[in-house]
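The opening position of the sequence shown corresponds to residue 3 in this note's numbering, with each subsequent residue numbered one higher. Idealized CB from N, CA, C, for every residue including glycine.
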Amino acid sequence: MAVRSWLFVPGDSEKKLDKIGGTAADVVILDLEDSVATDNKGRARDMVGSWLAAHRAKVTDGKRMGRWVRINALDSRDWREDLVAVLPGGPDGIMLPKSAGPESVTQLNAELWELEQRAGLPSGSVKIMPLVSETAAAAISIPSYATASLPRLAGLTWGAEDLSAAIGASRKRGPDGQWTDTFRFARVQTLLTAHARGVMAIDTLHADFSDEAGLRRAAENSRGDGFAGMLAIHPAQVPVINAAFTPSESELTEARAIVEAFAAQPDAGTLQIDGRMIDRPHLTLAQRILGNSI
Ligand code: COA
Ligand code: MG
């Protein structure tokens, strides 16, 4: 399953739920949390449950769209009811907002076993991806996800909005458009911890959905830095993200040349292609580009 673009869709909007089929998002995240007003929580979870049941599989270009749900946070009254409503629809995974650390993932994990069984889903099939940076305490303990026992963990992602509110940061980016240090710190820890663990690193969203050039730059930076995909909030962002996370023909050609050069000289630790030194890390990167990466 491709994991380049992860499109949030507010769970209480029939119109937006109807639009999912027309997007090429690799993964849709049906949201029950921040994009849904308190009074609409019940309605949203029913609508999301129905949508999942009615859309078991969507296949575009031979690829199946991932179906995830963002439930409400574990300190809310809603999250258990959210799970009860959506598990029968067999979601691929649950995005956990305001995760305090591995213990939050463990708590969600424990709740899922019985619901999976009741819904007739294979045990352990519903994955978890926490938002790891949404409070100050969470943001300073991101590396703790690297080694904890978390069998359902599929990836890590991070968000800037809740963290900025939590710490009273009136800006998230500097005049140059780059993240300020606080958010760069959270982002880098998310990236490295996900790789240390061997799960997907998913970059946060570009909030200004009408800024296509800025999004393209952000998505290219994400992929260049080692993220596997990126969150999106508007259908117009999906093609831009998909393109940025798809290796170009010249990258593929170069990667194939590196793999072939090492295959031709299996005992070589280092060799040269067109006058450039190539060693084993280049081979690892080339193999990643050719598609066996996280
Ligand atoms: N998923 C599906 N459809 C969406 C969508 C989304 N995330 N965002 C917008 N659309 C639809 C709109 O309904 C609209 O449909 P229409 O042409 O039939 O009217 C079309 O795409 C164009 O949308 P646009 O008019 O540009 O934006 P909007 O004002 O309707 O919505 C937002 C703007 C930000 C409110 C909307 O993009 C949104 O709800 N995003 C997701 C927010 C979210 O989930 N946040 C939680 C994560 S932080
Ligand atoms: Mg939030």
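| Item | Value |
| --- | --- |
| Any non-hydrogen atom of the ligand MG within 6 Å of Asp164 CB | yes |
| Exposure of Ile235, with buried meaning 16 or more beta-carbon neighbours within 10 Å | buried |
| Extent of the continuous alpha helix (DSSP H) to which Met67 belongs | Premise fails: Met67 is in no alpha helix (DSSP H) and is neither H nor E. |
| Element boundaries [beta strand (DSSP E), containing Gly157] | 157-159 |
| Where Ser101 sits in the DSSP three-state scheme | coil |
| Rounded Cβ spacing between Ile313 and Ile243 (contact assumed at less than 8 Å) | Examination of residue 313 is not possible in this model, given that the chain is present from 3 through 296 alone. |
| CA-to-CA distance, His284 to Ala188, given in whole angstroms | 27 Å |
| Option in Ala112, Ser15, Asp205 with minimal Cα separation from Ala230 | Asp205 |
| Which of helix, strand or coil DSSP assigns to Thr137 | coil |
| Option in Ile73, Asp213, Gly91, Gln239 with minimal Cα separation from Val107 | Ile73 |
| Beta bridge counterpart(s) of Arg175 as assigned by DSSP | Trp181 |
| Touch test, the segment 132-141 against the segment 94-112, Cβ-Cβ under 8 Å, three pairs minimum | yes |
| Residue burial classification, Gly126 (beta-carbon count within 10 angstroms, cutoff 16) | exposed |
| Reduced DSSP category for Ile296 - H, G, I as helix; E, B as strand; rest coil | Any reading at Ile296 needs caution, since the residue's pLDDT is 46, under 50, leaving its predicted position unreliable; the model's value is listed next. Three-state result, Ile296: coil. |
| Minimum C-alpha distance to Ser172 - residue among Glu163, Gln180, Asp178 | Glu163 |
| Alpha carbon of Arg69 to alpha carbon of Leu32, nearest angstrom | 8 Å |
| Exposed unless 16 or more other CB atoms sit within 10 angstroms - verdict on Asp28 | buried |
| Outcome for Ile130 when other beta-carbon atoms lying within 10 angstroms are tallied against a minimum of 16 | buried |
| Any 3 or more C-beta pairs closer than 8 Å across the segment 205-223 and the segment 238-252 | yes |
| Minimum C-alpha distance to Thr286 - residue among Ser250, Gly228, Asp48, Asp14 | Gly228 |
| Where the beta strand (DSSP E) through Thr280 begins and ends | Per the sequence presented here, residue 280 reads as Ile, with Thr not at that position. Note, Ile280: beta strand (DSSP E), 278-281. |
| For Leu194, three-class secondary structure by DSSP | helix |
| Same chain, Cβ closer than 8 Å to Met49, five either side skipped, listed in chain order | Gly13, Asp14, Glu16, Leu19 |
| Sequence-distant residues of the same chain with beta carbon closer than 7 Å to Ile296, five excluded per side | With a pLDDT of only 46 at Ile296, under 50, the local geometry of the prediction cannot be trusted, and the value read off the model is given with reservation. Result list for Ile296: Gly200, Val201, Met202, Ala230, in chain order. |
| Own chain, CB closer than 8 Å to Pro237, minus 5 neighbours either side, in chain order | Leu9, Lys21, Gly24, Thr25, Ala27 |
| Same chain, Cβ closer than 6 Å to Arg290, neighbours up to 5 away in sequence not counted | none |
| Beta carbon of Ala156 nearer than 7 Å to that of Gly92 | no |
| For Asp281 and His208, the rounded distance between their alpha carbons | 35 Å |
| Inter-residue spacing [alpha-carbon to alpha-carbon] between Leu254 and Ala263 | 14 Å |
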